[in-house]
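Worksheet: one structure, shown below.
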Amino acid sequence: MPPAIAATEVGRRFAGRWALRGASFEVGEGHTVLVYGPNGAGKTTLLRVLASALEPTSGSVSLYGQPAISQRARIGLLSHADGHYDDLSGADNLRVASRLGRLAGDVEAALERVGLAQRAQDLVRTYSAGMRKRLAFARLLLKAPDLVLLDEPYAALDTEGQGLVDELLAELRARGATVMVSTHQVARVAPRCDGALVVENGRVSRSTVPGDGP
Amino acid sequence: MKEALQQCAAMIGKELSHLWRARARVAGTAAFALATLLLFSFAGGMNADLLRHNAAGYLWIGLLLASTLSLGESFRVETEHNALEMLLLLPVRPAAIFVGKAVGNLVVLLLVGLLMIPLCVVLFDAAPREGVGKLALTVLLGTASISAPGTMHAALASRARGRDLLLPLLLFPLVVPCVIAAVQASRACFTGDAMGELSSWLAVLVGFCVVHWSLGALLFERVVED
Numbered sequence: 005m006p007p008a009i010a011a012t013e014v015g016r017r018f019a020g021r022w023a024l025r026g027a028s029f030e031v032g033e034g035h036t037v038l039v040y041g042p043n044g045a046g047k048t049t050l051l052r053v054l055a056s057a058l059e060p061t062s063g064s065v066s067l068y069g070q071p072a073i074s075q076r077a078r079i080g081l082l083s084h085a086d087g088h089y090d091d092l093s094g095a096d097n098l099r100v101a102s103r104l105g106r107l108a109g110d111v112e113a114a115l116e117r118v119g120l121a122q123r124a125q126d127l128v129r130t131y132s133a134g135m136r137k138r139l140a141f142a143r144l145l146l147k148a149p150d151l152v153l154l155d156e157p158y159a160a161l162d163t164e165g166q167g168l169v170d171e172l173l174a175e176l177r178a179r180g181a182t183v184m185v186s187t188h189q190v191a192r193v194a195p196r197c198d199g200a201l202v203v204e205n206g207r208v209s210r211s212t213v214p215g216d217g218p
Numbered sequence: 171m172k173e174a175l176q177q178c179a180a181m182i183g184k185e186l187s188h189l190w191r192a193r194a195r196v197a198g199t200a201a202f203a204l205a206t207l208l209l210f211s212f213a214g215g216m217n218a219d220l221l222r223h224n225a226a227g228y229l230w231i232g233l234l235l236a237s238t239l240s241l242g243e244s245f246r247v248e249t250e251h252n253a254l255e256m257l258l259l260l261p262v263r264p265a266a267i268f269v270g271k272a273v274g275n276l277v278v279l280l281l282v283g284l285l286m287i288p289l290c291v292v293l294f295d296a297a298p299r300e301g302v303g304k305l306a307l308t309v310l311l312g313t314a315s316i317s318a319p320g321t322m323h324a325a326l327a328s329r330a331r332g333r334d335l336l337l338p339l340l341l342f343p344l345v346v347p348c349v350i351a352a353v354q355a356s357r358a359c360f361t362g363d364a365m366g367e368l369s370s371w372l373a374v375l376v377g378f379c380v381v382h383w384s385l386g387a388l389l390f391e392r393v394v395e396d
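Top to bottom, those sequences are chains V and D. Just so we're aligned, residue 5 is where the first sequence starts under our numbering, counting upward by one. Just so we're aligned, residue 171 is where the second sequence starts under our numbering, counting upward by one.
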């Protein structure tokens with residue numbers, strides 16, 4: 005069975021500067037992998053290349069043995085830019101995504117799950133940063149992807165919201181989804197991970213999960 | 171094929187629903203176009219014959235200028251929070267995104283164009299002698315001819331710095347043939363089609379639409395994918 009993610013010498017350059025260079029690794033199906041490293045190291049670029057949102061300048065990415073771009077229906081990316089429409093309500097944003105992506109999930113149930121049921125009919129432009137992030141999680145729940153790429157999932161969330169992310173990570177793991185989490189909250193996420201990748205100066209190296217010893 | 175059509179229909183539905191929520195955009199574009207007509211009426215002086223003769227040109231220059239506001243805004247909402255990327259990763263076909271955006275832009279320009287006709291009658295004494303129906307058809311085909319290449323180039327410019335400047339620079343040279351055909355067809359509607367040339371100009375607009383809507387659907391992927 006091919007790995008969920010196989011990256012081979014993946015590099016990405018922006019305006020003459022390499023944000024990511026020579027990244028080669030594999031992630032098995034159903035594994036949860038922590039991605040950590042300092043700001044500007046290339047973590048976001050790595051996740052966006054894996055999600056096929058960015059084309060690699062060099063190297064290749066295959067997901068489940070196929071080119072990444074052909075597997076988009078199986079990918080869920082949660083990134084800094086949430087992809088919401090400010091002039092639509094939270095519920096309408098999800099309905100649009102559901103209709104366009106022919107997603108099977110229930111909009112009301114997803115909103116309830118992330119604690120936005122009371123504000124579902126409000127325009128997204130009235131949402132706080134934390135509420136926008138919760139709505140992005142609701143869209144992820146609707147899609148129920150096999151491969152989940154989370155970029156700073158705890159950012160902007162209150163304590164309750166961070167607890168929700170913990171629960172969602174546990175649920176994803178329980179249903180066998182492959183997850184990559186980029187976060188600075190290493191101690192919080194590490195116990196839930198099967199492995200880790202360190203990203204420094206655009207270079208990716210495999211690491212043991214922090215706290216698991218050498 | 172059926173799935174592609176369903177995605178196109180869903181994208182059109184999303185655009186129209188978004189347009190309804192952001193009605194101010196349509197109102198702003200209409201106000202700009204109407205103000206342009208007013209300025210032309212002041213600049214044209216008191217010569218009623220000249221104003222009537224040039225009414226079709228004023229109508230289309232006003233619409234073309236207004237289109238840059240509307241087209242630019244239509245992609246600002248897609249790039250502001252990276253919604254375009256969200257659509258691509260859902261995944262929505264780039265051709266369906268193009269069709270949805272182009273139809274949304276067409277609706278805005280068509281509404282603005284139809285609003286401008288009565289003002290042309292009032293300001294330039296340019297009552298459509300060939301009937302309102304033919305003039306409305308000309309406005310429909312002309313705005314469709316602007317909205318398809320306009321959507322393509324608005325997407326192209328949306329990722330660039332200075333996109334507000336870039337869009338008219340890219341778009342205006344491309345739509346010159348369409349504007350000429352639309353002006354000639356509209357003039358025939360306003361002043362009478364004595365030479366029977368209206369159908370020929372409308373045929374030019376239909377050809378322009380077919381080419382640009384097809385090219386847009388085929389090439390949009392190259393514009394929006396990284």
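Built from N, CA and C at the ideal position, the CB exists for glycine as well.
Using the beta-carbon count (16 or more within 10 Å), is residue i buried or exposed?
| i | result |
| --- | --- |
| residue 123 of chain V | buried |
| residue 21 of chain V | exposed |
| residue 215 of chain V | At residue 215 of chain V the pLDDT is 47, less than 50, meaning the model places this residue with poor confidence and gives no usable figure here. |
| residue 185 of chain D | buried |
| residue 296 of chain D | buried |
| residue 393 of chain D | buried |
| residue 224 of chain D | buried |
| residue 218 of chain V | Because the pLDDT of residue 218 of chain V is 40, which lies under 50, any placement of that residue in the model is unreliable, and the question is left without a value. |
| residue 97 of chain V | buried |
| residue 334 of chain D | exposed |
| residue 125 of chain V | exposed |
| residue 441 of chain D | Residue coverage of chain D in this structure runs from 171 to 396, which leaves residue 441 of chain D outside it and unanswerable. |
| residue 288 of chain D | exposed |
| residue 19 of chain V | exposed |
| residue 303 of chain D | exposed |
| residue 396 of chain D | exposed |
For a test of the three-state rule: what should DSSP assign to residue i, helix, strand or coil?
| i | result |
| --- | --- |
| residue 295 of chain D | coil |
| residue 204 of chain V | strand |
| residue 262 of chain D | coil |
| residue 125 of chain V | coil |
| residue 228 of chain D | helix |
| residue 71 of chain V | strand |
| residue 384 of chain D | helix |
| residue 150 of chain V | coil |
| residue 5 of chain V | coil |
| residue 187 of chain V | coil |
| residue 156 of chain V | coil |
| residue 196 of chain D | helix |
| residue 119 of chain V | coil |
| residue 13 of chain V | strand |
| residue 393 of chain D | helix |
| residue 65 of chain V | strand |
| residue 315 of chain D | helix |
| residue 333 of chain D | helix |
| residue 199 of chain V | strand |
| residue 210 of chain V | strand |
If you check the beta carbons only, do residue i and residue j fall under 9 Å apart?
| i | j | result |
| --- | --- | --- |
| residue 83 of chain V | residue 155 of chain V | yes |
| residue 8 of chain V | residue 201 of chain V | no |
| residue 24 of chain V | residue 206 of chain V | yes |
| residue 257 of chain D | residue 324 of chain D | no |
| residue 251 of chain D | residue 88 of chain V | yes |
| residue 161 of chain V | residue 114 of chain V | no |
| residue 65 of chain V | residue 10 of chain V | yes |
| residue 386 of chain D | residue 266 of chain D | no |
| residue 244 of chain D | residue 278 of chain D | yes |
| residue 183 of chain V | residue 37 of chain V | yes |
| residue 168 of chain V | residue 199 of chain V | no |
| residue 30 of chain V | residue 5 of chain V | no |
What does a CB cutoff of less than 7 Å around residue i pick up in its chain, not counting 5 residues either side in sequence?
| i | result |
| --- | --- |
| residue 229 of chain D | 286, 290, 356 |
| residue 308 of chain D | 352, 355, 356, 359, 372 |
| residue 276 of chain D | 313, 314, 317 |
| residue 311 of chain D | 372, 375, 376, 379 |
If I follow the unbroken beta strand (DSSP E) through residue i, where does it start and stop?
| i | result |
| --- | --- |
| residue 80 of chain V | 79-82 |
| residue 30 of chain V | 21-31 |
| residue 36 of chain V | 36-40 |
With a threshold of 6 Å on Cβ separation, who are the neighbours of residue i within its own chain once the five nearest residues in sequence on each side are excluded?
| i | result |
| --- | --- |
| residue 208 of chain V | 27, 201 |
| residue 227 of chain D | 353 |
| residue 260 of chain D | none |
| residue 283 of chain D | 233, 309, 313 |
| residue 172 of chain D | none |
Taking Cβ-Cβ distances shorter than 8 Å, what residues in chain C pair up with residue i?
| i | result |
| --- | --- |
| residue 253 of chain D | Within the model displayed, chain C is absent; protein chains V and D are what it includes. |
For residue i, which residues in the same chain have their Cβ closer than 8 Å to its Cβ, ignoring the five residues on either side in sequence?
| i | result |
| --- | --- |
| residue 389 of chain D | 322 |
Which residues mark the beginning and the end of the alpha helix (DSSP H) in which residue i is found?
| i | result |
| --- | --- |
| residue 105 of chain V | 94-105 |
| residue 358 of chain D | 346-361 |
| residue 187 of chain D | 172-191 |
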